[in-house]
Every structure is written in C-alpha cells, then in structure tokens.
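The working numbering puts the first residue of the sequence shown at 2, with every later residue one more than the last. Beta carbons: idealized from backbone N, C-alpha and C, even for Gly. These numbers come from a predicted model, not from an experiment.
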Amino acid sequence: MSIAITTHSLRVTTHVTEAASRWLSRHSVGLLRLSLGLVFLGFGALKFFPGISPAEHIAGTTVEMLTLGLVPGRGAVVLVALMETFIGLSLITGRLRRTGLAVLGVALTGILSPLILMPAQLFEHDTFTPNLTGQYVLKDIVLVAAALVVAGKALTPRSAG
C-alpha cells in the first residue's frame, strides 16, 4: 500500500512539475517583459514632474556627465523620462520592440554608469557601503539582467515573448 501511494505521488508530482514547466516556458518571459515595461513606464513618468522622482538628481547628473554638459539639468531629466517612457510603452505593447530594445540598451549604459562616474555619491566614504542612492543604482543590475532575457527572447526568430 505504501509503495502504491508513493508511486502515485511521484506521478502526480511529475505531472504538476511538467505542467508548471510548460506554463513557465510559455509565459515567464512575456510576464518579465510586461513587468519590466511597467517599471520603466512608471519611473519614466515620475521624472516628468520635477521633485517627484527620487532618482531625478542622479539621472540628470548622469546624463549631463555622459553628454559632456550638452544636455544639462532639467533637460537631461526630461530626456531620461522620454527614453524610459518610450521603453516602457514599447515593452508593454510590443510595438516598435526592436527600437525600444535599442533605446533600452542606451538607457542601461546610463543606468549603471554612476557606479563609475560618481561612486562618492553612491557609497559611504568610511565603510564603502551603499547609501540609499547607491542601493537604488545597484538594484538596477536586476533590470539589466531582465532586459537581457527579454532582448534575447525578442531577437530570437519567431519570438512570442
């Protein structure tokens, strides 16, 4: 009796695991694309309103540094807002996906560049532990990884992601 229950339990577990695997294979990258799009859309939209986004200063300073001052201050923040909003809408709707991914590639460079350009603003001087802004930038590594997964799926021929 015990062996029969165990064998049945293994078959049920295997069936459930296989079903979950099929569902994840079909839907996980699409859900990742949508969630990444919502994050970019939300963060981008906040930057259109001065003083609302906690990342406004770091985003503006980064763009200003990367453009060697050609896009200063508020214009830099609006540029980031436009890029992030476009990326978000592209990922959510699937329209202009390749263009959105190209803009995302440019944005990802800007997103992580404060680690090199201004580490003093991200880490405590004496302990080299990340402050709140540093934590904000470091968590963007997850966005980079998600973007790579989404791009890999989107650029694969006959992609449904």
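Using DSSP bridges, identify the partner residues of residue i.
i      : result
Pro131 : Phe124
Look at residue i and residue j and say whether their C-beta atoms are less than 7 Å apart.
i      : j      : result
Phe41  : Gly89  : yes
Pro115 : Ile59  : yes
Ala82  : Phe49  : yes
Arg34  : Leu92  : yes
Pro131 : Leu139 : yes
Assuming residue i and residue j are in contact, meaning their beta carbons sit under 8 Å apart, how far apart are those beta carbons, in whole angstroms?
i      : j      : result
Leu37  : Ala148 : 7 Å
Leu113 : Val145 : 7 Å
Val30  : Val150 : 6 Å
Let's see if you can read the secondary structure: which residues bound the alpha helix (DSSP H) around residue i?
i      : result
Lys154 : 141 to 155
Gly101 : 98 to 113
Ala56  : That residue, Ala56, is in no alpha helix (DSSP H); it is neither H nor E in DSSP.
Thr86  : 74 to 94
What's the C-alpha gap between residue i and residue j?
i      : j      : result
Thr63  : Pro120 : 12 Å
Leu105 : Glu85  : 8 Å
Leu109 : Leu102 : 10 Å
Gln122 : Ala56  : 12 Å
Ala155 : Phe87  : 17 Å
Glu125 : Met66  : 21 Å
Pro51  : Gly61  : 11 Å
Arg99  : Gly45  : 19 Å
Pro73  : Thr128 : 32 Å
Tyr137 : Thr8   : 49 Å
Ala20  : Leu133 : 41 Å
Leu71  : Leu47  : 23 Å
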